[in-house]
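One structure is given here, and the rest of the page talks about it.
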Amino acid sequence: MAAATNMHGFDADLLANAVQKLIKEEVVLGKFHGSTFTPKAYTDAEANKVDGFFEANGYLTATAAKSSGLGLKDWAAQRKASGYNLVGAFVASHLVDSAMASISDALAGDGWIDAQPLLPHALTAADASELLLQLSSQKKLPSNAVVLDRVAASSGFIESIAKALEAEVQKAAEATTKKKSSAKKAVEEEDEDLHAKKGGKRTKGAKKKRGDDDDAVETSRAGNAESGVSNDAIANYLADQHPDLPLDIQDDLCAKVQVLLAAMVAEVAEKLRSTLQTKQNHHFGQADKVVQERYERLVLGLRALEAAKLQESPLYQHLLKEVVSEPCHMLIALRLEEATGNSPEVTASSRKQSLEKLIAVEGAAKVESLSRLAAVLVHKKEAKDAKEHKEAKEKSGKSKKSQGHAADEEEPAVTDVSELYHAAADDSHIFCRKVDKKKEKAAAQEQRAALKVQLKELVNSTAFLSSGV
39 MAAATNMHGF DADLLANAVQ KLIKEEVVLG KFHGSTFTPK AYTDAEANKV
89 DGFFEANGYL TATAAKSSGL GLKDWAAQRK ASGYNLVGAF VASHLVDSAM
139 ASISDALAGD GWIDAQPLLP HALTAADASE LLLQLSSQKK LPSNAVVLDR
189 VAASSGFIES IAKALEAEVQ KAAEATTKKK SSAKKAVEEE DEDLHAKKGG
239 KRTKGAKKKR GDDDDAVETS RAGNAESGVS NDAIANYLAD QHPDLPLDIQ
289 DDLCAKVQVL LAAMVAEVAE KLRSTLQTKQ NHHFGQADKV VQERYERLVL
339 GLRALEAAKL QESPLYQHLL KEVVSEPCHM LIALRLEEAT GNSPEVTASS
389 RKQSLEKLIA VEGAAKVESL SRLAAVLVHK KEAKDAKEHK EAKEKSGKSK
439 KSQGHAADEE EPAVTDVSEL YHAAADDSHI FCRKVDKKKE KAAAQEQRAA
489 LKVQLKELVN STAFLSSGV
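Under the working numbering, think of the first position of the sequence shown as 39, with each following residue one higher.
Following this line, the structure appears as structure tokens:
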């Protein structure tokens, strides 16, 4: 139009109105846009060319459709074409059916397949991704299909990746169990510190056994993708076993695998916690019984030595060895098991090393009572009887007044062994009942009865020997 106006000197507006009138009256066939007139013959020729291309190739790009003066949706609607309108192309149904056959075969073998190579080369990755989304929404993909951008993978393929990482799952579960145990212990210690600050005392009913379940410590949820297994472990496995897998879909694949790994870690961790709890409960039950029984024997033995004034005799050290050693070792093992998850056997030769390990984990302050009890078995000076302890206290009090705190630091007050024993047991959540006069009297009566039986047997043996002579 501009060329005709310049060549013949026509008025541009007058010429445009004339052309619009001619088109409206169908004297001239075509379309007039702005200053451009496109003859119908040209448009029909382009449309036929576009239709022919679609019939021959089974797809049509947005650029090709635009050459016929229509967008993809409008072109498909006018032609009533059967297919899928994608991001930048329209694909005929028969091409999609062919791609679906390949997809079904791949997923039937618990594998994966990239949909882009199944489509014409002119189609992009975005077109392939859109096609899979439409097929999935229409429920035309196999039931085990998982769409990962332009890749269709079977659920079995994803499960196989998770199963291949069982070693990593075991490590993550062990770390999770240890972390949960530490968190639970920290909560318990905070509660105990708060209770102590308020002046509370533990009673028999407040005794808390090791290994008891605590609802405050939650287990991992299967839907939580934070499994503890790194995405690097998944990526390394994919690089080794499936190098052809497109890198741009691995983030989506890792997210799917992580859901399965989280469920696996939660299951393994629960089994580990259950096993550990059962073992700890068993060990605690054994220690609880022995510690309480030996406490009563220790108190009665100390009182008997005091009554006979034999505190400094070899019988005192024999009492400690026979009564205190085993419970002390059991308490150390119990505390180590709780702190580390391992259940070592503590003996006289390994006692020092085990105690140092426990101090390294929990700190010297929390193991003080147990350390002092263990020291009694080594240092005789710390193994005094109750009477001597009272005298030492009195002397210490006088010494403090005259010499000040420096002397107190040099010579710490001696503690009754039974008190050390009771404190160590209490810090391990084992309650030892105080031995009252009634129990002491009953024990004395039992001892006298046993001695009478032995004496009677001795008399009978002597009479028998005399008659033989």
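Even glycine gets a Cβ: it sits at the ideal position worked out from N, Cα and C.
Remember, predicted model here, so these are calculated numbers, not experimental data.
Taking C-alpha positions only, residue 133 is separated from residue 157 by approximately 7 Å.
DSSP places residue 142 within a helical segment (H, G or I) once states are collapsed to three.
Setting aside the 5 residues that flank it on each side, residue 145 is surrounded in the same chain by 180, 182, 183, 190 and 192, each with a C-beta closer than 7 Å to its C-beta; the list follows chain order. Counting only runs of 4+ residues, the alpha helix (DSSP H) found wholly inside the segment 120 to 180 occupies 131 to 146 and 163 to 175, in chain order.
Its chain contains 258, 266, 303 and 307 as the residues whose beta carbon lies nearer than 7 Å to that of residue 214, once the 5 sequence neighbours on both sides are disregarded; these appear in chain order. Rounded to whole angstroms, the gap between the alpha carbons of residue 208 and residue 454 is 47 Å.
For the pair residue 315 and residue 395, the Cα-to-Cα distance works out to about 22 Å.
Per DSSP, residue 200 is one residue of the alpha helix (DSSP H) stretching across 193 to 202. The DSSP-derived three-state label of residue 316 is helix. For residue 403, the three-state secondary structure derived from DSSP is helix. By the neighbour-count definition (other C-beta atoms within 10 Å, threshold 16), residue 206 is a buried residue. Here DSSP, grouped into helix, strand and coil, assigns residue 273 to helix. In this structure residue 462 touches residue 369 by the C-beta definition: roughly 6 Å separates them, less than 8 Å. Secondary-structure assignment with DSSP links residue 185 through a beta bridge to 190. If you draw a straight line from the Cα of residue 91 to the Cα of residue 102, it is about 9 Å long. Ranked by Cα distance from residue 100, the options 109, 300 and 204 are led by 109.
Boundaries of the alpha helix (DSSP H) harbouring residue 374: 363 to 378, taken from the DSSP string.
Note on residue 467: 16 or more other CB atoms within 10 angstroms of its CB, so buried under the neighbour-count rule.
Judged by DSSP in its simplified three-state form, residue 385 adopts coil rather than helix or strand.
Judged by DSSP in its simplified three-state form, residue 283 adopts coil rather than helix or strand.
The three-state reading of DSSP puts residue 298 in helix, counting H, G and I together. Separation of the CB atoms of residue 197 and residue 298 is rounded to 6 Å, and the pair is thereby assigned contact status at 8 Å.
Exposure of residue 387 is indicated by the presence of fewer than 16 other C-beta atoms within 10 angstroms of its C-beta. The alpha carbon of residue 473 has as its nearest neighbour, out of 292, 166 and 331, the alpha carbon of 331.
Approximately 7 Å separates the beta-carbon atoms of residue 381 and residue 371; this is inside 8 Å, confirming the contact. Contact annotation, residue 333 with residue 459: C-beta distance approximately 6 Å; criterion of less than 8 Å satisfied. In the three-state scheme derived from DSSP, where H, G and I count as helix and E and B as strand, residue 393 is classed as helix. DSSP places residue 98 within a strand segment (E or B) once states are collapsed to three.
Only buried fits residue 294, as 16 or more other CB atoms lie within 10 angstroms of its CB.
Exclusion of the five residues before and after residue 194 leaves 148 as the residues of its chain whose Cβ lies within less than 6 Å of its Cβ.
Residues 186 of the same chain have their beta carbon placed closer than 6 Å to that of residue 291, with the five preceding and five following residues left out of the count. Residue 365 sits buried, since 16 or more C-beta atoms from the chains shown fall within 10 Å of its C-beta.
Boundaries of the alpha helix (DSSP H) harbouring residue 462: 455 to 465, taken from the DSSP string. For residue 292, the three-state secondary structure derived from DSSP is helix.
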